[in-house]
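Reviewing the structure listed below.
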Amino acid sequence: MWFPFALLMWALLTARAQVDHAESATSTVRCAEPDDIRNGTILLSDGLNVGSVLWYSCEQDYYPFPVFSRTCESNGEWTKMITRRAYCREIVCPKPIIFEYGYFFPRPKSYRINTTLTFECYDGYSLRGSVERTCMANGKWSGTTAICDNRAGHCPNPGIPIGGMKMGDRYQIDEKVSYTCSRGLDLVGSSERVCLESGEWTGTEPSCEAKYSFDLPEDVKAQFISSATNVRDLLNPFKKKKENLGRKVVIQKNGTLNIYILVDASRSVPKETFLQFKKAVIFFVRAFSSFELNAHFGIISYASGVKKVVEISNDHSDKDAEIMEEIDNNMNYEDHEGKSGTNIPLALKTVYEMMVLQKQRVESKKAISWDDIRHVVLLLTDGKSNMGGRPKDFINKITEFLKIEPSRKDYLDVYAIGIGQDVDLTELSDIASKKADEKHVFKLKSAEDLKNSFDEMLSVKEIGDMCGLSSTSDSGDKRLNYPWHVTIQNLATKCSGSLVTNQWVLTSAHCFINSKGSHLETSGAKLSAGDGDNTSRKIADYFLHPCFDVTRLKADNLEDYDYDIALVKLNYPYTFTETIRPICIPCTHSTNRALKMPPAKTSCKEHKDKLLSNNEMTVKFITLNNAIQNFTLMLDNKRDSCTNGILHWGTFTKDDIQKLMRPRYLCTEGDKGYSTCKGESGGAVYITKTFRNYQLGAISWGVYDACKYGQKERPPPRNNLVPRDFHISLFEVQPWLKHHLKDDLPFLDDVVASEECPEH
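Taking mature numbering (1 follows the signal peptide of the UniProt record, and there is no 0), I'd label the letters of the sequence shown as residues -17 to -1, 1 to 743.
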């Protein structure tokens, strides 16, 4: 019986010797000294040892070709390249392939940095987006997608990204468009979009990006500031800074934000980069704490395995001091030493498990509903997942667990930020959320850029002055639904207005003059933003637009309301509350943040394209009896039919229309026959987009007084005609607005502060 036992022992010893020999061989295997990159430099993560990563870098405006990095393999060879030696290539921007219904120039062989593209549309089409786009040093085009649109569809033309192609040219409800990119470019965003009944497209606008392109720190900062301010409003927009128990109970009832941060610590991440990641996480936590969000954090580092740095179920996961201490003590590069894999699926699985545990904990306490909690996942990586399966599968699992449907899309945001050149943008785009007008995928040049992005979030001011907030609550206080609305009394006629800052009200110029153009006495005037005495203010000063002259057409027996707009400065400012807040007005930085548009690159025209997106739009105003009323704004090719409609009222001629209808007017048709009343002049004509309210114009005049037979009923005209109302477009008076408001309300850089009155 000894023979089998001896044989077994011999086999085990032989196998062990072979393993020892293999491990010894592996430990002694080294790669050869690599060649330098022409016109660049190299960096090794672990010398010439197996698993070491070789990074190539180039001077500014150039990128490594054919690869950005190579790895020392177990056979002592560096991973292969298609060329014998790497070199530095000049950065160029993607080439346009198709531009629908228009043309662009120039058309060189390649688009080098600082090359400017100009777009023009064919007759009958209007251009949305940037007329000019310049190739930037990061390999991307400045501005936004240029689109030629005749607004014939239910949804606007969604456009084609530079370097991409679009399949589908029908833009009616439920119609689809799909996108692909040229060879060598990654598609970031939605590859397919569907036209919704709301006139908007599903998903997020796609872009085609070169593998060497990257985002700028300000792009990341802008998106997270915008997200933080919007989430802050959704959870508890009027949170006081003073700590007390009662406030905490209110916050819990209103909801909580859970933030999960996943930090790559795989072998390909140098220690210096990991330490920058660590600093970035600290700045991120501090920034969100400064926004006064009721946020809980779960922080994970991952390589082949995972480490839970901060458990979101801990009692202190919402206390930044304790979180900082745990990050400092528990987030160490050495925790994953020797573990070379990048297991993003396992990191996402850990997030899922945290959610399951947190749900059980929340439901056992019964203090808040799990379904009221919003979730943010922030993934930081330097490359591509190389083990554990498909990351997307676990995103799907998280989405299903949180019951994320169109009606609950704001309860989950997944951001994916890649650092360095070896990032798989396609994979990150697959992981990240896809929402209209939002960006959830970023690729930064270095971890230093990431740290700077979050560091600069701490310097943001004006969070407390967020514009356009309102509530859709059915509570008894209607002002929650329109906290910017102001009534003006004790003038010759009653008027309305809108708060645009804490001390300025926008209204109509004709409220302050009589039919002869003489100014009225204003010392007894009272402006009210509510019912209580503490909501009333007096007029410190007022300013009519200098181009307003109601007597201009007196010889034609007409009153001229062109430029019928005024600003009132209050005798002392309001303190913003739930029921007193400003509305967003176009072409300002506060509106830019609300629209989630790039802070340094957006133009006033792009605000106009964004807010006036269709040639027929439902807009709103506040009535005399404090109700929200809809009517239809007619633009572009539908505007003429709207303005010509006043001919049916019998008091106007075609010649009158020629003299009266100026570019400043927005024309609306009364919804179901409804229109404005006397006393509503100066009120905001506004739209609501993604929880914010944006003023497009100020009510000026109309052809039918809907309150002639009673304010509550507002019956349609007895002759079944469709009423027309006219409003001063805020886009047409930007220089005047900036001239008076610039010290209180920062405007976009392309808005000038002066203009000449046109010759009529």
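Quick reminder that beta carbons are idealized off the backbone N, C-alpha and C, glycines included.
All of these numbers come straight from a predicted model, not from anything done at the bench.
Asked                                                                                                                                                                      : Found
What are the start and end residues of each continuous alpha helix (DSSP H) run of 4 or more residues lying completely inside the stretch 352 to 418, in chain order?      : 374 to 384, 408 to 414
Grab me the residues of residue 119's own chain with a C-beta within less than 8 Å of its C-beta, minus the 5 sequence neighbours each way, in chain order.                : 76, 96, 125
Starting from residue 619, follow the alpha helix (DSSP H) in both directions and report where the run begins and ends.                                                    : Looking at the DSSP string, residue 619 is not in any alpha helix (DSSP H), and its letter there is neither H nor E.
Is it the case that the Cβ atoms of residue 424 and residue 411 are separated by a distance below 7 Å?                                                                     : yes
Who are the near neighbours of residue 629 in its chain, counting only those whose CB is closer than 6 Å to its CB and skipping five residues on each side?                : 635, 686, 707
How many Å lie between residue 191 and residue 326 at the Cα?                                                                                                              : 27 Å
Could you give the residue range of the beta strand (DSSP E) that holds residue 551?                                                                                       : 549 to 553
Straight-line CA distance for residue 593 to residue 60?                                                                                                                   : 53 Å
Excluding sequence positions up to five away, which residues of its chain have a Cβ less than 6 Å from the Cβ of residue 36?                                               : 28, 52, 54, 251
If distances are taken between C-alpha atoms only, which option among 324, 506, 419 comes closest to residue 284?                                                          : 324
Is the beta carbon of residue 39 closer than 7 Å to that of residue 122?                                                                                                   : no
Looking at the structure shown, is residue 147 part of a helix, part of a strand, or coil, going by DSSP?                                                                  : strand
What do you reckon, are the CB atoms on residue 728 and residue 484 nearer than 7 Å?                                                                                       : yes
Could you tell me the distance, in whole angstroms, from the CA atom of residue 683 to the CA atom of residue 185?                                                         : 36 Å
Taking only runs that begin and end inside the stretch 646 to 712, name each unbroken beta strand (DSSP E) of 3 or more residues, in chain order.                          : 648 to 653, 667 to 672, 675 to 685, 707 to 712
In this structure, how does DSSP classify residue 233 when only helix, strand and coil are distinguished?                                                                  : Unreliable placement is indicated for residue 233, whose pLDDT of 26 sits below 50; no coordinate value is reported for it.
Note the first and the last residue of the continuous beta strand (DSSP E) segment covering residue 115.                                                                   : 115 to 117
If you drop the 5 nearest sequence neighbours on each side, which residues of the same chain put their C-beta closer than 8 Å to that of residue 726?                      : none
In angstroms with no decimal places, state the Cα-to-Cα distance between residue 310 and residue 239.                                                                      : 22 Å
Across which residues does DSSP place residue 612 in a beta bridge pair?                                                                                                   : 604
What does the alpha-carbon distance come out to for the pair residue 333 and residue 81?                                                                                   : 43 Å
Determine whether the beta carbon atoms of residue 94 and residue 74 lie at a separation below 7 Å.                                                                        : no
For residue 525, I'd like the list of residues in its chain whose CB is within less than 8 Å of its CB, leaving aside the five on either flank, ordered along the chain.   : 495, 505, 549, 550, 551, 552
Buried or exposed for residue 219, going by 16 or more other Cβ atoms inside 10 Å?                                                                                         : Any reading at residue 219 must be qualified, since the residue scores a pLDDT of 48, below 50, and its modelled position is unreliable; the value itself is stated next. Classification for residue 219: buried.
If the criterion is Cβ atoms closer than 7 Å, does the pair residue 489 and residue 681 meet it?                                                                           : yes
With a threshold of 8 Å on Cβ separation, who are the neighbours of residue 385 within its own chain once the five nearest residues in sequence on each side are excluded? : 338, 358, 391, 394, 395
Cutting at 7 Å between CB atoms, please list the residues of its own chain near residue 342, excluding the five before and the five after it.                              : 353
In the DSSP assignment, what residue or residues form a beta bridge with residue 744?                                                                                      : This structure cannot settle anything about residue 744, because the visible part of the chain is limited to -17 through 743.
Counting only the same chain and skipping the five closest in sequence on each side, list residues whose C-beta sits under 7 Å from that of residue 292.                   : 282, 283, 284, 309, 310, 313, 314
Under three-state DSSP, which class holds residue 283?                                                                                                                     : strand
Quick check on residue 6: buried or exposed, where buried means 16 or more other Cβ atoms within 10 Å of its Cβ?                                                           : Confidence is the limiting factor: at residue 6 the pLDDT is only 41, short of 50, which leaves the residue's position unreliable and the question unanswerable from this model.
Are the CB atoms of residue 650 and residue 626 nearer to each other than 7 Å?                                                                                             : yes
Whole angstroms is fine: what's the gap from residue 34's alpha carbon to residue 13's?                                                                                    : 10 Å
Can you check whether the CB of residue 400 is closer than 7 Å to the CB of residue 430?                                                                                   : no
State the Cα-Cα distance for the pair residue 517 and residue 527, rounded to the nearest angstrom.                                                                        : 27 Å
Cβ of residue 519 within 7 Å of Cβ of residue 511?                                                                                                                         : yes
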